[in-house]
Amino acid sequence: MRTGFIFSLPRAGSTYAQRVLSASPGIVTTPETWLFPALYGIRSGDAPLADFAYDHVRIGLEDVTALLDDGEQAWRDAIRAAAETLFSRFVTPDQLFLEKTPRNSGFSREIIATFPDAPVLFLWRNPLSVIASINRTWGKGRWKAYFYYYDIFAGLRAMIDTARKMQANPNVLCVRYEDLVAQPQETWPRVFAHFGVHYDPAFVAAPPKMLSRMGDQTGQTKYSGTEARSADLWKTGFGGRLRRHWVKRYLESIGEDDLAFMGYDRDALMQGIVRDGDHHWSDAAFIGLAPLYHLIEPRILKGKRGRSGRRAFARR
Numbered sequence: 291m292r293t294g295f296i297f298s299l300p301r302a303g304s305t306y307a308q309r310v311l312s313a314s315p316g317i318v319t320t321p322e323t324w325l326f327p328a329l330y331g332i333r334s335g336d337a338p339l340a341d342f343a344y345d346h347v348r349i350g351l352e353d354v355t356a357l358l359d360d361g362e363q364a365w366r367d368a369i370r371a372a373a374e375t376l377f378s379r380f381v382t383p384d385q386l387f388l389e390k391t392p393r394n395s396g397f398s399r400e401i402i403a404t405f406p407d408a409p410v411l412f413l414w415r416n417p418l419s420v421i422a423s424i425n426r427t428w429g430k431g432r433w434k435a436y437f438y439y440y441d442i443f444a445g446l447r448a449m450i451d452t453a454r455k456m457q458a459n460p461n462v463l464c465v466r467y468e469d470l471v472a473q474p475q476e477t478w479p480r481v482f483a484h485f486g487v488h489y490d491p492a493f494v495a496a497p498p499k500m501l502s503r504m505g506d507q508t509g510q511t512k513y514s515g516t517e518a519r520s521a522d523l524w525k526t527g528f529g530g531r532l533r534r535h536w537v538k539r540y541l542e543s544i545g546e547d548d549l550a551f552m553g554y555d556r557d558a559l560m561q562g563i564v565r566d567g568d569h570h571w572s573d574a575a576f577i578g579l580a581p582l583y584h585l586i587e588p589r590i591l592k593g594k595r596g597r598s599g600r601r602a603f604a605r606r
């Protein structure tokens, strides 16, 4: 079967891109599956709280794959077989299944190695737009970026490193969200062609909605089509000194060269910030105490509820 992927950070426009692409009869997609972070995460990263011992699982899988000359390839084949068994239930032989889960960004290298023939879209968005949108949408104006530390730091780093290494790969396309919004007639045809399907301007004008507990529900309600002014809303998102100091350090952590690779200029981003923009009295706690939060988070989350309201989950 044919499978394609969108790699992006949360609040970076991936749900919008997914909706537009799903308007094509040649593409089928579902709400975020979170399948690949679960499968690849079994053998890498910080072990979350679970009803089983992750260290035992990893030792067991490492011992089993070590018995094979191509153990790592066998593991990737097993993941691909599991994914395609599920995805194939949604498509006909001539359709492409489009997978989009923001946390996939942290596993972009592994996913491309597992699906070497799959068309892949790296969807960039101004990192400060991402942060401002996280704070406004999920923080209700309060600083919420600390809760998405993995995505905005490790996830973005993995995306950049993978995209750089794959620049010569014809299956990889890098596009900025801002270009999808500001130049739809020039940008969207390239994206549709990359996934091997026909483009129709009507797809952009009225993309179908996706109903799910996961993914961006805000943008689906607020914008029925392309909304160009959303690209500049970030400028008023960092009004306090604490927020601007955090932004400066964040852009430094990404690096000027990697920002340029994504299509952004560090100095222009800093100069675009409106000094009397968003801030909140709780910024000192949510920004200043974020390192402590991440240190004690696994213990705190034992008592928190997941989205279902029935189980306690640790997350990062």
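Take the position in the sequence shown, starting the count at 1, then add 290; the result is the number in this note's numbering.
All C-beta atoms, glycine included, are put in the ideal place defined by N, C-alpha and C.
query, result
"DSSP-derived helix/strand/coil call for W536", "helix"
"C-alpha gap between Y513 and R565, whole angstroms", "With a pLDDT of 48 at Y513, under the threshold of 50, the modelled position of this residue cannot be trusted, and the question is left open."
"Span separating the alpha-carbon of I421 from that of R415", "10 Å"
"Residue(s) in a DSSP beta bridge with E389", "F295"
"Cβ separation of M456 and I544, assumed to be a contact under 8 Å, to the nearest whole Å", "Between I544 and M456 the Cβ distance is about 19 Å, and since that is not below 8 Å, they are no contact."
"Straight-line gap, P300 to I424 (C-alpha atoms, nearest Å)", "8 Å"
"G319, DSSP secondary structure in three states", "Before going on, a small fix: residue 319 reads as Thr here, not Gly. Strand, per DSSP."
"Residues that F493 bridges to, as DSSP identifies them", "In DSSP, F493 forms no bridge with anything."
"Straight-line Cα distance separating P491 from A371", "35 Å"
"Reduced DSSP secondary structure (H/G/I, E/B, other) of F412", "strand"
"Nearest candidate by alpha-carbon position, reference T452, set A373, P497, R399", "R399"
"Contacts around W324, its chain only, beta-carbon distance under 6 Å, and the 5 residues preceding and following it disregarded", "T391"
"Nearest-angstrom Cβ-Cβ length linking V465 and L413, presumed shorter than 8 Å", "6 Å"
"Cβ-based burial, V310 [other Cβ within 10 Å; buried from 16]", "buried"
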